[in-house]
Amino acid sequence: MAQKTLKIAVVPGDGIGVEVTPFGVQCLQAIGEIYNIPLQFEEFDFASVPYYKKHGDMLPKDWKTTLSQFDAIYFGAVGMPDEVPDEVTLWGSLLKFRREFDQYVNLRPCRLIKGVKSPLADRKPGDIDFWIVRENTEGEYSSIGGKIFEGTDREIVMQETVMTRFGVDRILKYAFDLAQSRPRKRLTSATKSNGISTTMPWWDARVREMAKNYPDINVDKYHIDILTAHFVQKPDIFDVVVGSNLFGDILSDLGPACTGTIGIAPSANINPEGKFPSLFEPVHGSAPDIAGKGVANPVGMIWAGQMLLQHFGHTEAAEALLRAIENVLGRSQPDVLTADMGGKGSTQSLGEAIINEVKSFR
Ligand code: ATP
Ligand code: MG
1 MAQKTLKIAV
11 VPGDGIGVEV
21 TPFGVQCLQA
31 IGEIYNIPLQ
41 FEEFDFASVP
51 YYKKHGDMLP
61 KDWKTTLSQF
71 DAIYFGAVGM
81 PDEVPDEVTL
91 WGSLLKFRRE
101 FDQYVNLRPC
111 RLIKGVKSPL
121 ADRKPGDIDF
131 WIVRENTEGE
141 YSSIGGKIFE
151 GTDREIVMQE
161 TVMTRFGVDR
171 ILKYAFDLAQ
181 SRPRKRLTSA
191 TKSNGISTTM
201 PWWDARVREM
211 AKNYPDINVD
221 KYHIDILTAH
231 FVQKPDIFDV
241 VVGSNLFGDI
251 LSDLGPACTG
261 TIGIAPSANI
271 NPEGKFPSLF
281 EPVHGSAPDI
291 AGKGVANPVG
301 MIWAGQMLLQ
311 HFGHTEAAEA
321 LLRAIENVLG
331 RSQPDVLTAD
341 MGGKGSTQSL
351 GEAIINEVKS
361 FR
């Protein structure tokens with residue numbers, strides 16, 4: 001069957017983003033060849049500090065038109081805070097993509113992989129395997145608020161949470177659909193309706209309303225405080241966890257942290273309707289402290305590519321790429337693994353091991 005070509009804009013960015021991106025692209029190319037997925041890559045040098053220094057801006061004027069022609073953005077990392085402040089680099093690129101392309105879902109897997117040491121004792125691969133769905137556009141991160149009597153002892157500071165029915169329902173629908181696609185069909189909602197008395201009870205009501213459309217999903221909710229404790233103490237109970245912008249932000253760092261090094265975790269910023277491109281990136285940043293040394297773990301970038309395949313419905317290929325990652329990490333070879341995983345290897349040794357593993361599936 002002829003398949004639609006997936007057009008991928010590759011934006012390596014800065015620091016270790018530049019070092020890990022080629023391995024991610026090569027993994028995708030190898031998988032694409034085996035599973036007959038036509039992939040087309042185009043690399044861009046914008047959204048980086050060198051581009052900023054040359055052009056005085058992080059992006060070209062026509063960036064939106066340019067990137068809109070792609071299905072996905074495969075993003076490394078941006079920022080070199082010693083050279084240009086993060087506000088300039090981050091707000092001038094990555095956060096612009098998320099906002100202008102209405103990537104209202106932030107999706108992260110929380111999956112314990114064999115060969116990766118979890119900071120949680122007695123957890124085996126298979127024990128932890130769930131998804132975190134974060135609302136990415138509204139909620140607590142609004143710019144509505146202000147200060148009065150500033151600098152005096154009567155100082156008052158306020159910042160409003162803004163939730164809309166449109167915004168909350170669409171993230172809940174995404175989370176319920178995801179739960180529906182999973183064998184366990186379980187959805188957990190993060191709330192705090194005992195302390196936040198307007199928005200959170202309303203959020204809970206929207207969850208109950210949406211649940212009516214999904215009678216076979218087992219729905220529960222926890223207050224954010226006990227939910228974070230459960231992430232650590234009984235992560236095996238979760239399947240899909242959905243949270244507002246702030247709660248989702250906290251959970252989506254805590255979850256991957258429970259399953260090992262920051263170097264392996266991926267993240268997707270999704271516009272589910274496909275009206276705009278979605279963005280796939282590693283959770284980690286540009287890591288200036290290790291940049292240029294060739295020692296960055298490429299797995300977060302490669303796994304982000306795996307999420308890309310999954311998002312576009314290439315399930316078999318996505319499963320194969322995840323298996324390749326798991327096989328290589330599971331062998332725990334010190335010469336192959338990077339230092340953050342206790343190895344003596346390099347970006348290249350680990351990246352190439354995964355590419356070769358993929359090729360062995362042929
Ligand atoms: P962000 O840019 O997302 O705000 P950050 O700048 O706070 O993140 P990172 O760049 O992710 O943080 O780096 C945090 C720490 O983790 C650094 O010490 C870095 O060396 C380490 N680290 C990050 N990514 C990797 C990786 N892929 N391999 C090995 N170590 C990594
Ligand atoms: Mg950073």
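The opening residue of the sequence shown carries number 1 in full-length UniProt numbering; numbering runs sequentially from there.
Glycine included, C-beta positions come from ideal geometry on N, C-alpha and C.
All figures in this text were calculated on a predicted structure; none of them were measured in a lab.
Query                                                                                                                                                                                 : Result
When you measure from the CB of I113 to every non-hydrogen atom of the ligand ATP, does any distance come out below 6 Å?                                                              : no
Relative to the C-alpha of V84, which residue among R134, K53 and F46 is closest?                                                                                                     : K53
Relative to the C-alpha of S349, which residue among N297, T152 and G330 is closest?                                                                                                  : N297
When DSSP labels each residue in this structure, what does I266 get in the three-state scheme?                                                                                        : It is Pro, not Ile, that sits at residue 266 in the sequence shown. Three-state result, P266: strand.
Taking only three categories from DSSP, how would you classify N245?                                                                                                                  : helix
Hey, could you find the ends of the beta strand (DSSP E) H284 is sitting in?                                                                                                          : Note, H284: premise wrong, no beta strand (DSSP E); not H, not E.
Looking only at its chain, what residues have a beta carbon closer than 8 Å to the beta carbon of A179, apart from the 5 residues adjacent to it on each side?                        : K185, R186, L187, Y214, I217, D239 and V240
To the nearest angstrom, how far is it from the Cα of P81 to the Cα of V49?                                                                                                           : 9 Å
Quick check: does the Cβ of I250 come within less than 6 Å of any heavy atom belonging to the ligand ATP?                                                                             : no
With DSSP run on the structure shown, which of helix, strand or coil describes H223?                                                                                                  : strand
With C-beta atoms as the reference, is V207 less than 7 Å away from S181?                                                                                                             : no
Can you tell me where the alpha helix (DSSP H) holding T21 begins and where it ends?                                                                                                  : I16 to I34
Is A287 near the ligand ATP, in the sense that its beta carbon is under 6 Å from a heavy atom of that ligand?                                                                         : yes
Give every residue of the same chain whose Cβ lies closer than 8 Å to the Cβ of N327, excluding the five residues on either side of it in the sequence, and list them in chain order. : E357
According to DSSP, which residues form a beta bridge with G145?                                                                                                                       : Q159
In the DSSP assignment, find the beta strand (DSSP E) that holds Q40 and state where it starts and stops.                                                                             : L39 to E43
Give the single residue among R323, G24 and I171 whose Cα lies nearest to the Cα of I132.                                                                                             : I171
F280 and L254 - do their beta-carbons sit closer together than 7 Å?                                                                                                                   : no
Closer than 6 Å: is that where the CB of A265 sits relative to any heavy atom of the ligand ATP?                                                                                      : no
Would you list the one or two residues that DSSP bridges to W131?                                                                                                                     : P109 and V240
Sorry if obvious, but does the Cβ on N297 come closer than 6 Å to a heavy atom of the ligand ATP?                                                                                     : yes
Hey, would you say P12 sits closer than 7 Å to T21, going by beta carbons?                                                                                                            : yes
With a threshold of 16 other CB atoms inside 10 Å of the CB of residue 377, please say whether the residue is buried or exposed.                                                      : Nothing in the structure corresponds to residue 377, since the chain is present only between 1 and 362.
Is the separation between the beta-carbon of V116 and that of L251 shorter than 7 Å?                                                                                                  : no
For G126 and I354, what's the separation of their Cα atoms in angstroms?                                                                                                              : 21 Å
Among G285, Q103, I148 and V88, which one has its Cα closest to the Cα of L59?                                                                                                        : V88
Could you check which residue in I73, G92, C27 and I31 has the C-alpha nearest to that of G56?                                                                                        : G92
Which one of S142, Y35, C110 and K114 has the shortest CA to CA distance from I128?                                                                                                   : C110
Which residues in the same chain have their Cβ closer than 6 Å to the Cβ of D86, if we skip the five residues on either side of it in sequence?                                       : G79
Indicate the three-state DSSP secondary structure (helix, strand or coil) for L120 in the structure shown.                                                                            : coil
Any contact of the region 136 to 145 with the region 302 to 309, i.e. 3+ C-beta pairs under 8 Å?                                                                                      : no
Could you compute how far the alpha carbon of S278 sits from the alpha carbon of A72?                                                                                                 : 5 Å
With C-beta atoms as the reference, is I264 less than 7 Å away from L107?                                                                                                             : no
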